[in-house]
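Asks: Handing you a structure now.
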Amino acid sequence: MTSFSRYLPFVAAMALVVVASNILVQFPMQGQIGGLSLADLLTWGAFTYPFSFLVTDLANRRYGPAVARRIVFVGFMTAVVCSILVPPFLFRHGLIEFETAADRLARIAAASGAAFLSAQLLDVTVFNRLRRQSWWRAPIVGTLVGSVFDTMVFFTVAFSAAFAFAGPNDSFALETAPLMGVFHIEAMRWVSWALGDLSVKLIIAVVALIPYRLLATRWSQPAVAA
Numbered sequence: 001m002t003s004f005s006r007y008l009p010f011v012a013a014m015a016l017v018v019v020a021s022n023i024l025v026q027f028p029m030q031g032q033i034g035g036l037s038l039a040d041l042l043t044w045g046a047f048t049y050p051f052s053f054l055v056t057d058l059a060n061r062r063y064g065p066a067v068a069r070r071i072v073f074v075g076f077m078t079a080v081v082c083s084i085l086v087p088p089f090l091f092r093h094g095l096i097e098f099e100t101a102a103d104r105l106a107r108i109a110a111a112s113g114a115a116f117l118s119a120q121l122l123d124v125t126v127f128n129r130l131r132r133q134s135w136w137r138a139p140i141v142g143t144l145v146g147s148v149f150d151t152m153v154f155f156t157v158a159f160s161a162a163f164a165f166a167g168p169n170d171s172f173a174l175e176t177a178p179l180m181g182v183f184h185i186e187a188m189r190w191v192s193w194a195l196g197d198l199s200v201k202l203i204i205a206v207v208a209l210i211p212y213r214l215l216a217t218r219w220s221q222p223a224v225a226a
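Just so you know, UniProt numbering puts 169 at position 169 of the sequence shown, and the rest follows in order with no gaps.
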């Protein structure tokens, strides 16, 4: 088996997670919980993107930081291209309800790319510094640090009016609503989405320790990277 074919499952998993997240982040959750409007708090992308950190950490555990960085770069390039091409394809086949303008897709892809690269590479660095400590410390700290950085960069670039030069704004995201749907403070919806997204990421980071532990135990001896 060649070196690349061994890494291919990680690359494919990374691209799948990020492409799905880039599509789902454009869809606010619908529904009410008491007086809380979920559309003011979360997008569906919050539930898929955190698994990209699981992929990175497993690759780092298995093959080391150099290979993990390669997987991040290859997964990033694949995901950005697919993030521009896949949504129009899904719209044409009736799988999503609305078509996103090309320049809006480009802005989402740019935001995703900037956040993804910086956060994932930060995660690789933190993970590698802590990998010899308790089994849970490296993945949880790396994921938490990366998630905070990723959320800040992505939502600011993708939705803040300050980045209108990167592409058209999302008018719904810029409308004000009660912060996180429950507080009396008014804030733009994208700010609540960012806080809701981060909250979900932190929860999933803890849940993802279960598959991480199961797979990392199987790989108790790191593989030799070719």
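Every residue gets a Cβ at the ideal spot worked out from N, C-alpha and C, and that includes glycine.
Small disclaimer: the values here were computed from a predicted structure and weren't measured.
Assuming residue 53 and residue 123 make a contact with CB atoms under 8 Å, what is their CB distance in whole Å?
Replies: On the sequence shown, residue 53 is found 53 positions in, with the first residue counted as 1. On the sequence shown, residue 123 is found 123 positions in, with the first residue counted as 1. About 6 Å separates the two Cβ atoms, so the contact holds.
Asks: What residues in its chain sit with their C-beta under 8 Å from that of residue 29, if we drop five residues either side in the sequence?
Replies: Residue mapping note: residue 29 aligns to position 29 of the sequence shown, counting from 1. Correct list, in chain order: 38, 39, 41, 42, 43, 44.
Asks: Where does the unbroken alpha helix (DSSP H) through residue 152 begin, and where does it stop?
Replies: Here residue 152 is taken as the residue at index 152 of the sequence shown, counted from 1. Note, residue 152: alpha helix (DSSP H), 137-159.
Asks: Taking the alpha-carbon positions, what's the residue 145 to residue 31 distance?
Replies: For the purposes of this step, residue 145 is identified with residue 145 of the sequence shown, where counting begins at 1. For the purposes of this step, residue 31 is identified with residue 31 of the sequence shown, where counting begins at 1. One C-alpha to the other measures close to 30 Å.
Asks: Enumerate in chain order the residues of its own chain whose CB-to-CB distance from residue 114 is below 8 Å, with the five nearest sequence positions on each side excluded.
Replies: As a working mapping, residue 114 is identified with position 114 in the sequence shown. Once the five neighbours on either side are set aside, the close Cβ partners of residue 114 are 153, 154, 157.
Asks: Specify the secondary structure class of residue 77 as computed by DSSP and reduced to three states.
Replies: Start at 1 with the first residue of the sequence shown, and residue 77 comes out as number 77. Residue 77 falls in the helix class under three-state DSSP.
Asks: Examine chain B for any beta-carbon lying closer than 8 Å to the beta-carbon of residue 101, and answer yes or no.
Replies: Within the model displayed, chain B is absent; a lone protein chain is all it includes.
Asks: Opposite residue 175 in the DSSP bridges: which residues?
Replies: Numbered from its first residue, the sequence shown carries residue 175 at position 175. Paired residue(s): none; residue 175 is not in a bridge.
Asks: Tell me the rounded alpha-carbon separation between residue 81 and residue 59.
Replies: Numbered from 1 along the sequence shown, position 81 holds the residue referred to as residue 81. Numbered from 1 along the sequence shown, position 59 holds the residue referred to as residue 59. If I take the Cα positions, the gap works out to 22 Å.
Asks: Check the DSSP bridge columns for residue 36 and list the partner residues they point to.
Replies: If you number the sequence shown from 1, residue 36 lands on position 36. Partner(s): 33.
Asks: In chain order, what residues of the same chain have a beta carbon less than 8 Å from the beta carbon of residue 140, not counting five sequence neighbours either side?
Replies: The residue labelled residue 140 in the question sits at position 140 within the sequence shown. The residues are 205, 206, 209.
Asks: From the DSSP output, in three-state form, read off residue 110 for me.
Replies: Residue numbering aside, residue 110 sits at position 110 when the sequence shown is read from its first letter. Three-state result, residue 110: helix.
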